[in-house]
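For the sequence shown, our numbering begins at 1 and goes up steadily by one.
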Amino acid sequence: MKEHPAGTPRGEPAIRTIAMPADANPAGDIFGGWLMAQMDLAAGNVAARRARTRCATVSVDRITFLQPVFIGDEVSLHAEITRIGRTSMTIQVEAWRRSRDGEERVKVTDATFVFVALDQGGRPRVISAGTGDAA
């Protein structure tokens with residue numbers, strides 16, 4: 001894994017979106033499930049680009065909600081492949097928020113996702129060796 005300075009996102013930018021009213025509970029906090037879905041999309045994007053095929057989520061580990069996300073916040077998802085196996089890969093995802101009226105970025109959550117590469121029949125497929133291997 002690459003070293004990254006404290007207070008900065010780990011991994012490459014994968015998705016940037018705005019938290020909308022439909023994504024919030026009655027108190028105005030964004031649902032954790034919405035945030036987790038965004039993280040899954042970010043990890044899936046990184047997995048599919050690396051495997052050059054369809055990939056599916058196998059597991060999510062250690063999701064930790066550190067700070068709330070509010071309506072109107074810009075949410076940036078950063079993802080980094082930390083391990084590549086024969087048919088699967090482990091991807092670390094971090095979510096960072098920035099309020100619409102400020103510049104400070106705050107880490108709000110992180111999690112570890114495992115994806116499996118799939119062939120056209122939906123069966124696990126070997127991930128070819130190539131640049132960017134983390135294993």
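Glycine residues also receive a C-beta, built at the ideal position from the N, C-alpha and C atoms.
query                                                                                                                     : result
Beta-carbon contacts of Q92 that lie in its chain and below 6 Å, excluding the five residues immediately before and after : E80, T82 and T112
8 Å Cβ shell around T131 - same chain, five flanking residues per side excluded                                           : The predicted position of T131 is uncertain, since its pLDDT is 49 and thus under 50; no value can be drawn from it.
Own chain residues within Cβ distance below 6 Å of W96, not counting five before or after                                 : P9, S76, R105 and K107
Proximity below 8 Å, CB of G11 to CB of H78                                                                               : yes
Beta-carbon gap between S99 and V58 smaller than 8 Å                                                                      : no
Residue range of the unbroken alpha helix (DSSP H) whose run includes A47                                                 : G32 to A51
Residues bridged to S99 (per DSSP)                                                                                        : BP columns for S99 are empty, so no partner.
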